[in-house]
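Residue numbers (our numbering): 1 to 101. Notes follow once the structure below has been shown.
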Amino acid sequence: MAKKSKIAKNEQRKVIAARYVERRRALKATIASPSASSAEKAAAVSALQAMPRDASATRIRNRDTADGRPRGYLRKFGLSRVRMRQLAHSGELPGVTKSSW
Numbered sequence: 001m002a003k004k005s006k007i008a009k010n011e012q013r014k015v016i017a018a019r020y021v022e023r024r025r026a027l028k029a030t031i032a033s034p035s036a037s038s039a040e041k042a043a044a045v046s047a048l049q050a051m052p053r054d055a056s057a058t059r060i061r062n063r064d065t066a067d068g069r070p071r072g073y074l075r076k077f078g079l080s081r082v083r084m085r086q087l088a089h090s091g092e093l094p095g096v097t098k099s100s101w
């Protein structure tokens, strides 16, 4: 089980990133735009740098929804490999069966 503070910090990062997603997208489009002047691009870069670091979606960590484990995360289930295996063996994941050939 991950520390509750780490889980809470990651949830806060999700909220902050969602709040700034449109602004970041607009600034990045301005920076990448070939029609924008160099002054506009410089202003966009400085505005992007002035934003909080947690506004970037890159800082969000995928964690197991059950216990917050940060490693071995499976996107399809939203669980870590360990928890997914436990739930699959107990038959609590619909449509998941053991492979046999």
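For each residue, glycine too, the CB sits at the ideal point set by N, CA and C. Just so it is clear, the structure is predicted and the values come from calculations on it, not from any experiment.
- Taking a contact to require three or more Cβ pairs closer than 8 Å, the stretch 55-70 and the stretch 37-46 do not qualify as touching.
- Residue 99 and residue 89 have their C-alpha atoms spaced approximately 12 Å apart.
- One alpha carbon belongs to residue 84, the other to residue 73, and they sit about 9 Å apart.
- Remark: C-beta atoms of residue 16 and residue 52 approach each other more closely than 8 Å.
- For the set 91, 64, 81, the Cα lying nearest the Cα of residue 7 is the one of 64.
- One thing to note: residue 75 has its Cβ within 8 Å of the Cβ of residue 62.
- Burial is judged here by how many other beta carbons sit within 10 angstroms of a residue's own beta carbon; residue 13 has at least 16 and is buried.
- Beyond the five residues adjoining it in sequence on each side, residue 41 comes within less than 6 Å, by CB distance, of 31 in the same chain, given in chain order.
- In this chain, the alpha helix (DSSP H) harbouring residue 82 covers 81-89.
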